[in-house]
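Trainee:
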Amino acid sequence: MDNWEIAKILKEIGEYLEMEGEAFKPRAYQAAGEAIEEMDDSLSEIYKRGGLKALEEIPSVGVSIAEKIEELLKTGHLKYYESLKKKTPVDLSQLTTVEGVGPKIIKKLYEKLRIKNLETLEKAARAGKIRKLEGFGEKSEENILKSIEFLKQSGKRFVLGFILSQVEVIVERLKRLKGVEKISVAGSIRRMKETIGDLDILIVSEKPGPVMDFFVSMPEVKQVLAHGQTKSAVRLKNGLDADLRVVEKKSFGAALCYFTGSKEHNIALREIAIKNGWKLNEYGLFKSKSKNDWIQIAGETEEEIYKKLSLDYIEPEMRENWGEIELAKNHKLPKLIGYHDLKGDLQIQTDWTDGANSIEEYALAAKKMGLEYIAITDHTKTLAMTGGCDEKKLLRQMAFIDKLNKKLGGKPKILKGAEVNILKNGSLDIDDRVLAKLDVVAAAVHSHFNLPRSEMTRRISRAMANPFVDIIFHPTGRIINERPPYEVDVEELIKTAKKTKTYLEIDAYPNRLDLKDEHAKKAIEAGLKLAIDSDAHSINHLQYLKFGIAQARRGWATKNDIINTRPWPDLLKLLKH
DNA sequence: GCCGTTTTCGGCCCGACTGTTTTCAGTCG
Numbered sequence: 146m147d148n149w150e151i152a153k154i155l156k157e158i159g160e161y162l163e164m165e166g167e168a169f170k171p172r173a174y175q176a177a178g179e180a181i182e183e184m185d186d187s188l189s190e191i192y193k194r195g196g197l198k199a200l201e202e203i204p205s206v207g208v209s210i211a212e213k214i215e216e217l218l219k220t221g222h223l224k225y226y227e228s229l230k231k232k233t234p235v236d237l238s239q240l241t242t243v244e245g246v247g248p249k250i251i252k253k254l255y256e257k258l259r260i261k262n263l264e265t266l267e268k269a270a271r272a273g274k275i276r277k278l279e280g281f282g283e284k285s286e287e288n289i290l291k292s293i294e295f296l297k298q299s300g301k302r303f304v305l306g307f308i309l310s311q312v313e314v315i316v317e318r319l320k321r322l323k324g325v326e327k328i329s330v331a332g333s334i335r336r337m338k339e340t341i342g343d344l345d346i347l348i349v350s351e352k353p354g355p356v357m358d359f360f361v362s363m364p365e366v367k368q369v370l371a372h373g374q375t376k377s378a379v380r381l382k383n384g385l386d387a388d389l390r391v392v393e394k395k396s397f398g399a400a401l402c403y404f405t406g407s408k409e410h411n412i413a414l415r416e417i418a419i420k421n422g423w424k425l426n427e428y429g430l431f432k433s434k435s436k437n438d439w440i441q442i443a444g445e446t447e448e449e450i451y452k453k454l455s456l457d458y459i460e461p462e463m464r465e466n467w468g469e470i471e472l473a474k475n476h477k478l479p480k481l482i483g484y485h486d487l488k489g490d491l492q493i494q495t496d497w498t499d500g501a502n503s504i505e506e507y508a509l510a511a512k513k514m515g516l517e518y519i520a521i522t523d524h525t526k527t528l529a530m531t532g533g534c535d536e537k538k539l540l541r542q543m544a545f546i547d548k549l550n551k552k553l554g555g556k557p558k559i560l561k562g563a564e565v566n567i568l569k570n571g572s573l574d575i576d577d578r579v580l581a582k583l584d585v586v587a588a589a590v591h592s593h594f595n596l597p598r599s600e601m602t603r604r605i606s607r608a609m610a611n612p613f614v615d616i617i618f619h620p621t622g623r624i625i626n627e628r629p630p631y632e633v634d635v636e637e638l639i640k641t642a643k644k645t646k647t648y649l650e651i652d653a654y655p656n657r658l659d660l661k662d663e664h665a666k667k668a669i670e671a672g673l674k675l676a677i678d679s680d681a682h683s684i685n686h687l688q689y690l691k692f693g694i695a696q697a698r699r700g701w702a703t704k705n706d707i708i709n710t711r712p713w714p715d716l717l718k719l720l721k722h
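Quick note: the first sequence uses the numbering used here, first residue 146, plus one each step.
1. I'd like the span of the beta strand (DSSP E) that includes V633, first residue to last.
2. Taking the C-alpha atoms as reference points, what is the distance between L305 and E427?
3. Ignore the nearest five residues each way along the sequence and tell me which others in I677's own chain have a CB closer than 7 Å to its CB.
4. Let me know if G221 comes out buried or exposed under the rule of 16 or more other beta-carbons within 10 Å of its beta-carbon.
5. What residue does the beta strand (DSSP E) around V330 start on, and which one ends it?
6. If we ignore side chains and look at the alpha-carbon of each, how far apart do T340 and D680 end up?
7. Keeping to the same chain, check which residues put their C-beta closer than 6 Å to that of D535; ignore five residues upstream and five downstream.
8. With the cut-off set at 8 Å, would you say I617 and G571 are in Cβ contact?
9. Run through DSSP, which three-state label would K441 get?
10. Can you tell me whether R194 is buried or exposed? The criterion is at least 16 other CB atoms within 10 Å of its CB, across all chains shown.
11. Using the Cα positions of V392 and M543, report the straight-line distance between them to the nearest angstrom.
12. Hey, is the region 459-466 in contact with the region 391-408, meaning 3+ C-beta pairs nearer than 8 Å?
13. Tell me whether the region 608-616 and the region 567-581 touch, counting them as touching only if at least three CB pairs, one residue from each stretch, are closer than 8 Å.
14. Going by beta carbon distance, what residues of the same chain come within less than 7 Å of K556, once the five residues before and after it are set aside?
15. Am I right that I95 and I546 are in contact with their C-beta atoms under 8 Å? What's the rounded C-beta distance?
16. How far does the beta strand (DSSP E) with V361 in it reach, from first residue to last?
17. Pairing CB atoms from the region 437-455 with CB atoms from the region 351-370, are three or more of them under 8 Å?
18. Less than 8 Å between the beta carbons of Y507 and W713, yes or no?
19. Near D388, what residues of its chain come up, given a Cβ to Cβ distance below 6 Å and the 5 sequence neighbours on each side ignored?
20. By how many angstroms is the C-alpha of G672 removed from the C-alpha of N705?
21. Tell me whether G429 sits in a helix, a strand or coil according to DSSP, three-state version.
22. Contact between the region 352-363 and the region 322-337 is defined here as three or more beta-carbon pairs at a separation below 8 Å; is this criterion met?
23. Can you tell me the Cα-Cα spacing of L516 and F281, whole angstroms?
24. Across the region 623-630 and the region 655-663, are there enough close Cβ pairs to call them in contact, namely three or more that are closer than 8 Å?
25. Rounded to whole angstroms, what's the CA-CA distance from Y161 to K376? Just pull it up for me.
26. With distance defined between alpha-carbon atoms, name the residue in P171, L425, A400 nearest to E412.
27. From this set, D584, I154, E636, which residue's C-alpha is nearest L237's C-alpha?
28. Could you check if V246 is buried or exposed, using at least 16 other CB atoms within 10 Å of its CB as the buried criterion?
29. Just list the residues that DSSP pairs L347 with in beta bridges.
Written as structure tokens, this is what we have:
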């Protein structure tokens, strides 16, 4: 049993206990589940090394939960969990994805209508059975249906940033295997799309048999879908389908290109080949010697294929047929921002509000990552649920940061900031006189998501007109697979941002990625610079910056287009005050 | 059920929002 499975079970226990109306236990299980999800070491290793005692060392895990983890590791089962599940046998992971449906409602729906999963929930809602239950009405039934509709649309795609580390573990393991000469991930993962449908791995191997055998018997595998000599496919326990293909060395580049896609990009490449009288497929680029007799002229690497097609090499993130082929032909491709180009992070939530770590812990973690500065941007007072800062608390935090900067010698430099809440009418919930004292001011929408498009656009534009607001955080408010963006005219926001010298953000948190690639591209085309921030709520989240960079690369951003690729003194010159 | 440089017992984030009610329960972050 791996960490992921154990964390899921603990979190589900939390939900079951919430159904029972338990007051504090649910949070304990929830916290333990989350702590385990964030761990790098495997529980079974920890247990092997130090037994129960070592498990209890894990934060949020005490005697009782440690024993449960032990039972899971030893037997693969947990009696306690099973008895809870027996009492209310519902598909929690499915039902909790419906917005507005929580444990209490799930329990009621099960007891009154025997609803167990999305399918039976939708059926009951469509039949008008839910509105008749006490405490429910037409509106709640309608909202359930709406949410199910949204879930269906967002489909079964995985958020890249939440799954990539698991993918990397598998690839690393295969890479070390004897007989694997070359290996690469292809598909939408290689293009760093925000969500991915499956995992495609390509390898070169003289003896693929043992590699395939190894692949289908990995511990993450739940089901083997295919097991052949050149292709195997498995379904992983986390629900992801993974394909492994073996190709010949001379075809590796062609296969990589073919399976990386996008389909549209590949079609455009193939058209160029055809115009030259050639053909391009997953085995290579070929020209015809005589009828039905083709000679390979490229294919071992992607580079030589692009070169033969008279194109500059196109980075995977740009392969969407959004005009990149034209640019490659004319040697006008932008030099994309690199994955190590950020000098700082401008959005971090600390334990002053809803973050998990202290300012100092973030500073040390950022330094380790090579960042020169970080902005502390805790929430403000109208976001009461996070313990948002009022003016007084912000001033206290500023004084605290001054002291900490002295202590750490400015490495990294800690900037005083805030994620100021934009109120319904576009005004801010912190007084301008206090904003004036901050190094960097960001503003964001956290409520009233349902305003009409024009009103929402006006609201955010008004915030940008504030003389102290430098950045708008997560400008469209979407959460991938959970919530669509609010209605807002992004192009208008881009214009206003330029006019008011405000920047828009690419929030790098894996299920936000907001602005998304298309919008980032539009902003950059309009000459607006962007910020890439982690939106970290714990020091582990700082690593999410790379997904923001990926999104920027997908939007064709160069280093110059991103404000926080600059050292702090240069960035300072770009800010309003 | 976890945790402790306020505590080994007594706290545990808590207010906005929604949809249902007519004073509130449940969800969300």
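By construction, the Cβ of each residue, glycine as well, lies at the ideal position given by its N, Cα and C atoms.
Mentor: According to the structure shown:
1. Here V633 belongs to no beta strand (DSSP E), and DSSP marks it neither H nor E.
2. So the two alpha carbons sit approximately 25 Å from each other.
3. Cβ contact annotation for I677 (same chain, cutoff 7 Å, sequence separation greater than five): L487, I651, A653, L690, G693, I694, A697, I707, N709, in chain order.
4. Counting of Cβ neighbours within 10 angstroms places G221 among the exposed residues, the total staying below 16.
5. Element bounds for V330: 327-330.
6. Going by the C-alpha atoms only, they are around 18 Å apart.
7. A distance below 6 Å between beta-carbons, with the five flanking residues on each side excluded, links D535 to the following residues of its chain, in chain order: K526.
8. In this structure, G571 does not lie closer than 8 Å to I617 by Cβ.
9. Looking at the sequence itself, residue 441 is Gln, so the reference to Lys does not match. In this structure, DSSP gives Q441 an extended state, which the three-state scheme calls strand.
10. Residue environment: R194 is assigned as exposed (fewer than 16 neighbouring CB atoms within 10 Å of its CB, all protein chains considered).
11. Rounded to the nearest angstrom, the gap between the Cα atoms of V392 and M543 is 58 Å.
12. These segments touch.
13. Yes, the region 608-616 touches the region 567-581.
14. For K556, the CB contacts under 7 Å within the same chain, skipping 5 residues up- and downstream, are K512 in chain order.
15. Examination of residue 95 is not possible in this model, given that the chain is present from 146 through 722 alone.
16. It is not in any beta strand (DSSP E) - V361 instead sits in the alpha helix (DSSP H) that spans 353-361.
17. The region 437-455 vs the region 351-370: no contact.
18. No, these two residues do not count as a Cβ contact at 8 Å.
19. Setting aside the 5 residues that flank it on each side, D388 is surrounded in the same chain by D345, A378, each with a C-beta closer than 6 Å to its C-beta; the list follows chain order.
20. Approximately 11 Å between the Cα atoms of the pair.
21. Here G429 sits in strand by DSSP.
22. These segments touch.
23. If I take the Cα positions, the gap works out to 51 Å.
24. Yes, the region 623-630 is in contact with the region 655-663.
25. About 41 Å.
26. The identity of residue 412 in the sequence shown is Ile, whereas the question assumes Glu. The candidate whose alpha carbon is nearest that of I412 is L425.
27. Closest option to L237, Cα to Cα, is I154.
28. With 16 or more other Cβ atoms within 10 Å, it is buried.
29. In the DSSP assignment, the residues bridged to L347 are S329, R390.
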